[in-house]
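Comments concern the structure below.
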Ligand code: SF4
């Protein structure tokens, strides 16, 4: 299966998002999903373009709204593998309400966030992931707001799959995306994906110096939520690997009663043209 298409990404040379695209394509091939059974939904931002760069169903949505659309796609056709994607500004600022509720809903969607700690598309402003003191055009004296620790937030919101990776570690990232797709429930994968054009602080070298792999943390068990939280706090969130997974919690679809065995998208609604048009008028 080939998940490449002919569209040439217009990301800056060296942007971390190239590796995320490659990892999604590899992971999709490795788990055995067919291109016409994969949907990639994205929000707005440089990373939001990713839905157009993968040979699958793709929907480039609106700012902060990748998750509502992705959840709707999954509910309409539960046989599709659904990946939602976007940046840290998209998912953790305007889209944060959706992120928290998708987490606690535990709907079977894999959410991949390309976290560059800045707004790249709008030419460099602080994001919810920018550190205190981070200087941009919007914060010339340095940001005074503390950065959101999204992995800790996800754990407290009841996430059943929380992972983090670095875009240069293609092997680890691909494996985590495979695990996220295979997880029965909502999976959040935050990827440090450097913006080489506007973020001159959180660079590839900075991450190489500051990240700790969970495989190097002695006796780390990803099913231990307390240990996950403690490890995140000890490392200021700068860890990579599978942070937490709860395989016991049923997914949203599994908990619903009366949910059709057959994907709703394949149900025959028995509407003739007149009824269909009437329904559309009611919705408009
Ligand atoms: Fe990537 Fe930054 Fe360029 Fe956007 S501005 S494509 S995030 S390097």
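Numbering (the UniProt record's numbering), first residue to last: 5 to 288.
Just so it is clear, CB atoms sit at the ideal spot from N, CA and C, and this is done for glycine as well.
contact_flag[the segment 86-97, the segment 113-125] where n(CB pairs < 8 Å) is 3 or more: Flag = yes, the segment 86-97 and the segment 113-125 touch.
Heavy atom of the ligand SF4 less than 7 Å from the Cβ of residue 68, yes or no? Relative to the non-hydrogen atoms of the ligand SF4, the Cβ of residue 68 never comes closer than 7 Å to any of them.
Where does residue 28 fall in DSSP's three states? DSSP, read as helix, strand or coil, puts residue 28 in helix.
Identify the residues that DSSP records as bridge partners of residue 87: which are they? For residue 87, which the question treats as bridged, DSSP gives the partners 44 and 114.
Name all residues in chain order for which at least one heavy atom of the ligand SF4 lies closer than 5 Å to the residue's CB. Checking every Cβ against the heavy atoms of the ligand SF4 under 5 Å gives 15, 16, 19, 50, 124, 199, 200 and 201.
Alpha carbon to alpha carbon, what distance is there between residue 145 and residue 60? Cα atoms of residue 60 and residue 145: separation of roughly 44 Å, rounded to the nearest angstrom.
What are the start and end residues of the alpha helix (DSSP H) that includes residue 181? Looking at the DSSP string, the run of the alpha helix (DSSP H) that includes residue 181 is 174-186.
According to DSSP, simplified to helix, strand and coil, what is residue 103? DSSP places residue 103 in helix when its eight states are reduced to three.
Range covered by the beta strand (DSSP E) that runs through residue 123: Counting along the chain, residue 123 falls outside any beta strand (DSSP E), and DSSP gives it neither H nor E.
Under 8 Å between the Cβ atoms of residue 215 and residue 246? The beta carbons of residue 215 and residue 246 sit no closer together than 8 Å.
Cβ contact check for the segment 259-279 and the segment 79-86: 3 or more pairs under 8 Å: They touch, by the three-pair rule.
Limits of the unbroken alpha helix (DSSP H) element including residue 76: First-last of the alpha helix (DSSP H) with residue 76: 70-80.
Inspect the CB distances between the segment 270-285 and the segment 133-140 and report whether three or more fall short of 8 Å. No contact exists between the segment 270-285 and the segment 133-140.
Which word fits residue 263, buried or exposed, when buried means at least 16 other C-beta atoms lie within 10 angstroms of its C-beta? By the 10 Å Cβ count, residue 263 comes out exposed.
Short check: CB of residue 225 to CB of residue 231, under 8 Å? With respect to residue 231, residue 225 sits close: the two C-beta atoms are nearer than 8 Å.
Buried or exposed: where does residue 187 fall if 16 or more other Cβ atoms within 10 Å of its Cβ makes it buried? So residue 187 ends up on the buried side.
Looking at the strands, I want to know which residues DSSP matches up with residue 62. For residue 62, which the question treats as bridged, DSSP gives the partners 44.
Pair within 8 Å by beta-carbon distance, residue 203 and residue 121: Yes, they are a contact pair.
Own chain residues within Cβ distance below 6 Å of residue 242, not counting five before or after: Counting only Cβ-Cβ distances below 6 Å, and skipping sequence neighbours, we find 214 and 215.
Give the straight-line distance between the Cα atoms of residue 161 and residue 26, rounded to the nearest whole angstrom. Rounded to the nearest angstrom, the two C-alpha atoms are 30 Å apart.
Thinking C-beta only, is residue 159 closer than 8 Å to residue 169? Taking the C-beta atoms as reference points, residue 159 is found no nearer than 8 Å to residue 169.
For residue 48, which residues from the same chain have a beta carbon less than 7 Å from its beta carbon, with the 5 sequence-adjacent residues on both sides left out? Take residue 48, set aside five residues on each side of it, and the residues of its chain with a beta-carbon closer than 7 Å to its own are 66, 67 and 94, in chain order.
From the DSSP output, in three-state form, read off residue 108 for me. It is helical.
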